[in-house]
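Participant: Those protein sequences? They're chains A and B, same order as listed. Start counting the first sequence at 8; every next residue gets the next number (our numbering). Start counting the second sequence at 157; every next residue gets the next number (our numbering). The beta carbon of each residue, even a glycine, is placed where N, CA and C say it ideally should be. Computed from a predicted model, the values in this text were never measured in an experiment.
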Amino acid sequence: MHDFLTILPLLIIVFGAVVLMLLAAFEKVSLTTAAGISMGFFAAAFAAQLLAGCGPQRLVFEEIFNGMLVAGNFTMVAALVIFACGFFSTTSSHTYFQVNRFDGLEFYSLLLFAAAGMVLLTMAAELITAFIALEVMSLAIYVLVGYDRNRVTATEALLKYLMLGAFAGAFFAMGTALLYGAAGSTHFTAIATVAASEAGSPLLLGGAFLLFVALLFKVAAFPFHAWVIDVYDGAAAPVTGFMATALKAAVFTLFANILAIHGALHQGWVEILFYLAVFTMFAGNLIAIGQNSLKRMLAASGIVHTGYLLVGLVAISADTFTGAVIGYYLAAYAAGTLGIFAALSYLGGEGEKRATFADFRGLARVRPYSAAAITIFLLSMAGIPPTAGFMGKFYIITSAIEAGQIALAVLAVVSSILSMWYYLRLIVAMYFQPAEETFATTGSPWAGVGTIALAVSVFAIGLYPIIV
Amino acid sequence: MFAEWLFTAFALLSILGAIGLILFRHPMHGAMSLVVTMVSLAGLYALLSARLIFVLQLIVYAGAIMSLILFIIMFLNIQTRDLPEEKGRILYLLGGIVLLVPVASFLIKVVKSLPATEATIVGSGFGGVKEVGLVLFQDWLLPFEIVSLLLLVALIGAVVLAGKRRFVK
Chain A
8 MHDFLTILPL
18 LIIVFGAVVL
28 MLLAAFEKVS
38 LTTAAGISMG
48 FFAAAFAAQL
58 LAGCGPQRLV
68 FEEIFNGMLV
78 AGNFTMVAAL
88 VIFACGFFST
98 TSSHTYFQVN
108 RFDGLEFYSL
118 LLFAAAGMVL
128 LTMAAELITA
138 FIALEVMSLA
148 IYVLVGYDRN
158 RVTATEALLK
168 YLMLGAFAGA
178 FFAMGTALLY
188 GAAGSTHFTA
198 IATVAASEAG
208 SPLLLGGAFL
218 LFVALLFKVA
228 AFPFHAWVID
238 VYDGAAAPVT
248 GFMATALKAA
258 VFTLFANILA
268 IHGALHQGWV
278 EILFYLAVFT
288 MFAGNLIAIG
298 QNSLKRMLAA
308 SGIVHTGYLL
318 VGLVAISADT
328 FTGAVIGYYL
338 AAYAAGTLGI
348 FAALSYLGGE
358 GEKRATFADF
368 RGLARVRPYS
378 AAAITIFLLS
388 MAGIPPTAGF
398 MGKFYIITSA
408 IEAGQIALAV
418 LAVVSSILSM
428 WYYLRLIVAM
438 YFQPAEETFA
448 TTGSPWAGVG
458 TIALAVSVFA
468 IGLYPIIV
Chain B
157 MFAEWLFTAF
167 ALLSILGAIG
177 LILFRHPMHG
187 AMSLVVTMVS
197 LAGLYALLSA
207 RLIFVLQLIV
217 YAGAIMSLIL
227 FIIMFLNIQT
237 RDLPEEKGRI
247 LYLLGGIVLL
257 VPVASFLIKV
267 VKSLPATEAT
277 IVGSGFGGVK
287 EVGLVLFQDW
297 LLPFEIVSLL
307 LLVALIGAVV
317 LAGKRRFVK
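#1: Taking Gly248(A) and Val316(B) to be in contact with their CB atoms under 8 Å, please state how far apart those CB atoms are, rounded to whole angstroms.
#2: Under the three-state reduction of DSSP, which class applies to His194(A): helix, strand or coil?
#3: Could you tell me the distance, in whole angstroms, from the CA atom of Leu415(A) to the CA atom of Trp276(A)?
#4: Output needed for Asp10(A): all residues of its chain with C-beta closer than 7 Å, excluding positions within five of it in sequence on either side, in chain order.
#5: Pull up the DSSP beta-bridge partners for Thr488(A), would you.
#6: Where does the unbroken alpha helix (DSSP H) through Leu501(A) begin, and where does it stop?
#7: Give me the chain B residues within the contact set of Ile135(A), using Cβ-Cβ distance strictly less than 8 Å, ordered along the chain.
#8: Look at the Cβ atom of Leu210(A), then the Cβ atom of Gly188(A), and state whether they are nearer than 8 Å.
#9: Report yes if the CB atom of Leu118(A) is closer than 8 Å to the CB atom of Leu151(A), and no otherwise.
#10: Please report how far the alpha carbon of Leu57(A) lies from the alpha carbon of Val332(A), in whole angstroms.
#11: Please determine if the segment 451–464 of chain A and the segment 97–114 of chain A are in contact, where contact requires at least 3 C-beta pairs separated by less than 8 Å.
#12: Could you say which of Lys320(B), Ala202(B), Val309(B), Ile225(B) lies nearest to Phe163(B) if we only look at CA atoms?
#13: If you draw a straight line from the alpha carbon of Gly281(B) to that of Arg207(B), how long is it in whole angstroms?
#14: Throw me the rounded Cβ distance for the Leu169(A) and Ala228(A) pair, which I believe falls under 8 Å.
#15: How many Å lie between Gly399(A) and Ala389(A) at the Cα?
#16: Straight-line CA distance for Met184(B) to Gln213(B)?
#17: Going by DSSP, what residues sit across from Ala131(A) in a beta bridge?
#18: Near Leu280(A), what residues of its chain come up, given a Cβ to Cβ distance below 7 Å and the 5 sequence neighbours on each side ignored?
#19: Establish whether the CB of Phe179(A) and some CB of chain B are separated by less than 8 Å.
#20: Mapping DSSP to helix, strand and coil, what is Arg65(A)?
#21: Below 8 Å on C-beta distance, what does Phe120(A) contact in chain B?
#22: Along chain B, which residues have their Cβ under 7 Å away from the Cβ of Leu127(A)?
#23: Determine, for Val266(B), whether the minimum Cβ-Cβ distance to residues of chain A falls below 8 Å.
#24: For a test of the three-state rule: what should DSSP assign to His312(A), helix, strand or coil?
#25: How many whole angstroms separate the CB atoms of Thr193(A) and Leu186(A), which I take to be in contact at a CB cut-off of 8 Å?
#26: Beta-carbon of Ser205(B) versus every beta-carbon of chain A: anything under 8 Å?
#27: When the Cα atoms are used, what is the spatial distance from Pro392(A) to Leu461(A)?
#28: Exposed or buried, which one is Trp161(B) when buried takes at least 16 other CB atoms within 10 Å?
#29: Quick one, which of Phe180(B), Leu200(B), Leu290(B), Pro240(B) has its alpha-carbon nearest Ala167(B)'s?
#30: So what does DSSP say about Val303(B), is it helix, strand or coil?
#31: Hey, out of Ala307(A), Phe81(A), Gly457(A), whose CA is closest to Ala257(A)'s CA?
#32: Report the three-state DSSP secondary structure of Arg245(B) (helix, strand or coil).
#33: In the segment 249–266 of chain B, which residues sit with their C-beta less than 8 Å from some C-beta in chain A, listed in chain order?
#34: May I have the straight-line CA-CA distance separating Met5(A) from Cys92(A), to the nearest angstrom?
#35: Would you report the Cα separation of Ile383(A) and Ile264(B), rounded to the nearest angstrom?
#36: Would you kindly work out how many angstroms separate the C-alpha atoms of Pro441(A) and Lys360(A), rounded to a whole number?
Structure (structure tokens):
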């Protein structure tokens, strides 16, 4: 019975996706209804996940699923983050689509399917399951990215992401094949046994290498980060928000789960992950400083946040792995990023005409509340107390110090200070420059409500560890 | 010994087919080249005594999917003059090869370090419909179930991206 409760949130999401898919065939269903249903399912899944609770990691339906699904506190947090991302992406999309008319009911269905793939990915304890879940998630996201068929940048983003994503999928499959050769099984437990007995086995090394290439591509880490700017820029603002947060949460959960299967495996990759983290942070910062478009800047800052999460991965210890630090950072990062993309969804206007730093000049004079909310999100991403972003970075950096990675901790702080430049640049533009336009917005207030809720949750997540 | 020769031949053919797929300019030639890869993969599966997969590879991939691809290419009636100019593709290819050399040499090292193993004789039912079915529905039930999700998403995606769009209120 308890096993059923554990996968109930996943079942709710899949059921919702199928319901929305069927509803898309009826003419009478309006976009608002579909968005409402989508929000309802995300909220229900969130509530179910919260109520079902969890505990230490254990296998779900061990007999029937042959030990291919695990659930625990870490997967629960990841699922909560994904469901919340889906919920707020839906509110943003609803407002966005009233101005940018390329909607369709299938949009929400695909959003739910993507979330289902992500949750499966976090729970996977076996590589083939993980691969299929990864592809479910990726396929849905590809379609969401290219949803606006009339915009050339969206099509370009779709094509780039699809081609490179297919490459990453091939790397994943090849890595799985080599790991199967090493362990004779694709279960994480079997791979852990091999990692313990013969850590330097070439098959294990090659398999893990190819697997990590695929995962690093998905999270846009250093040598594989080039696609992210164009893809995030080409996708619609709510989709970009969803990609930047939920997708990263899902893939990083899998990444941490794989690294944590055995200490020897983690040890072998610490040094490489160290350099990857450093290069990711600084490459992201350099790219972000040069951008004029807000979405491109946020895409680049997403690379920087990937770098911090890699710092978190370097610092985990496979023996006492709980994922608490990474889960917390994912939640904190998701709140800030989703918030700013929600704000962009309703302030962007038709065809996202307000896109650059200059377009947001003087926003504080005309719309003080929107400007205040954006400021909160930017400060959280920059890591200013008492926001969630500060606590997230605090935990990441202290965990790095505890793991003995002092240099990495220092570099993370330096990168965090560098990132102030482009976050503050928008705040300066909003507050200290005269307004040139009225920032009139049309459409439903849902994104606005979502923005306020996220601004509150930035503080709530930030204060949660202090209060509890 | 004979099996090893067969393996080498099929492996070479499949790689040549894949290279042809990339290098041929006309999509029809590329598709024909892909058929070579598909058929030689079927040969490799047969060498592994994977009977069911061998048949499926021939019927589904080399047969159904390839004829669908050919049908679409013919349907679109692509001529050489419709194809875009590809300037400097040799340079891109060379650049890609240079980038891939370290990865490839690493993988070759991995493959070379494999210990030699004796071929074992598999049981009489190995790779048959019944045996694959038993493994698929007992040990691999979860992947089998979530593949249905994957196919559903692909279906919806194709409709959304290519179908006629009806705008709702």
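Facilitator: Answer, in terms of the structure:
#1: Incorrect: roughly 20 Å between the Cβ atoms, too far for contact.
#2: strand
#3: 15 Å
#4: Val67, Phe68
#5: Outside the displayed range of chain A (8 to 475) lies residue 488(A), so it cannot be described from this structure.
#6: Residue 501(A) lies beyond the stretch modelled for chain A, which goes from 8 to 475, so this question has no answer here.
#7: Trp296, Pro299
#8: yes
#9: yes
#10: 19 Å
#11: yes
#12: Ala202(B)
#13: 10 Å
#14: In fact, because the Cβ distance is near 20 Å, the residues do not count as touching under 8 Å.
#15: 11 Å
#16: 21 Å
#17: Leu76(A)
#18: Leu317, Leu320, Val321
#19: no
#20: strand
#21: Leu305, Leu308, Val309, Ile312
#22: Ile302
#23: yes
#24: helix
#25: 7 Å
#26: no
#27: 16 Å
#28: exposed
#29: Leu200(B)
#30: helix
#31: Phe81(A)
#32: helix
#33: Phe262, Leu263, Lys265, Val266
#34: It is not possible to answer for residue 5(A), since the shown part of chain A is limited to 8 through 475.
#35: 51 Å
#36: 19 Å
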